[in-house]
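Data block below; observations after.
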Amino acid sequence: MLVRNAFPADFVDISDKSKDWADIVIERESIYHIFTEHFRSTCFIAEDRGEMIGYLLGFRSGSRPDEALIHLIQVAPRLRGNGIGRRMFSQFQAEAKKMGCKRITTHSRPENNNCNRFYKAMGFETASGENPVIVNGMPCVKDYTGPGKHRVVWVKNI
Ligand SMILES: CC(C)(COP(=O)(O)OP(=O)(O)OC[C@H]1O[C@@H](n2cnc3c(N)ncnc32)[C@H](O)[C@@H]1OP(=O)(O)O)[C@@H](O)C(=O)NCCC(=O)NCCS
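Counting from 130, one number per residue, gives the positions in the sequence shown under the working numbering.
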């Protein structure tokens, strides 16, 4: 298994895999295209004998250059729990540090228990402000991604 930066040509594969693995939001193809074309250094592909088995799409904030964000991370369902997510995350974190970022942020659905355990294991803390909405036992920022879409906001200082 290797973890490498994404190439522009990877975007169709990422799009197809996200549909096959079908357990998180599926973006329009153009979004995957933007990431692989313009944010290559913070996008990673996990590969086994030429087959994509995971991806992480992230970027450095334009508004807050000391912040790097994870947009999506997904691993092939049959291979979860084998350290693939951890490896992609550590390469992302190393790149964020190299760029001079001081923290990594991301958000998740409160019901996504596996993902929430993963971010906790990667050293993230919740940052939900003074009046969090508690959903599924998780402190969320109310209406974070739209009306009724309360989200767990995660921050890791690096
Ligand atoms: C979240 C996700 C990317 C994690 O990838 P992964 O390769 O399975 O994770 P790893 O094997 O590297 O796990 C790293 C650590 O996270 C924690 N963890 C990950 N999945 C977990 C689970 N299901 N239950 C409990 N802890 C878990 C563990 O502490 C683990 O450390 P350990 O192996 O030393 O115990 C994967 O579960 C996934 O693709 N989920 C569906 C997509 C998704 O929800 N993405 C996040 C929102 S965009």
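Glycine included, each C-beta is placed from N, C-alpha and C at the ideal position. All values reported here derive from a predicted model rather than from experimental measurement.
Handout entry: Completely contained alpha helix (DSSP H) runs for the region 157-186, where each covers 4 or more residues
Key = Segments of the alpha helix (DSSP H) lying fully in the region 157-186: 158-167.
Exercise for the section: Please list, in chain order, all residues with a C-beta atom less than 6 Å from at least one heavy atom of ligand 1. Expected result: Counting only beta-carbon distances shorter than 6 Å to the non-hydrogen atoms of ligand 1, the qualifying residues in chain order are 152, 153, 201, 202, 203, 204, 209, 210, 211, 212, 213, 214, 215, 237, 241, 243, 244, 246, 247 and 250.
Exercise for the section: Work out the CA separation of residue 206 and residue 174 for me, nearest whole Å. Expected result: Rounded to whole angstroms, residue 174 to residue 206 spans 15 Å at the Cα level.
Practice task
Could you tell me which residues DSSP puts in a beta bridge with residue 222?
Solution key: According to DSSP, which records beta bridges pairwise, residue 222 is partnered with nothing at all.
Exercise for the section: Compare the C-alpha of residue 198 against each of 237, 162 and 158 and name the closest. Expected result: Of 237, 162 and 158, the residue nearest in Cα terms is 237.
Problem - Pair within 8 Å by beta-carbon distance, residue 203 and residue 150 - result: Yes.
Problem - Cutoff 7 Å; reference residue 217; Cβ partners in own chain excluding five residues on either side - result: Cβ within range, chain order: 132, 173, 175, 183, 185 and 202.
Problem - Reduced DSSP category for residue 188 - H, G, I as helix; E, B as strand; rest coil - result: Taken through DSSP and simplified to helix, strand or coil, residue 188 comes out as strand.
Problem - 8 Å CB neighbourhood of residue 280 in its chain, flanking five on each side removed - result: Correct list, in chain order: 236, 237, 238, 239, 269, 270, 273 and 274.
Exercise for the section: Per DSSP, which residues does residue 70 bridge with? Please list them. Expected result: Beyond the ends of the chain as shown, which are 130 and 287, falls residue 70; an answer cannot be given.
Handout entry: Bridge partners - residue 131, DSSP secondary structure assignment
Key = Under DSSP, residue 131 takes part in a beta bridge, and its partners are 176.
Practice task
Please name the residue or residues paired with residue 269 in a DSSP beta bridge.
Solution key: Per DSSP, 262.
Problem - Helix, strand or coil at residue 256 [DSSP, three-state] - result: DSSP, reduced to helix, strand and coil, places residue 256 outside both helices and strands of the structure shown, so it counts as coil.
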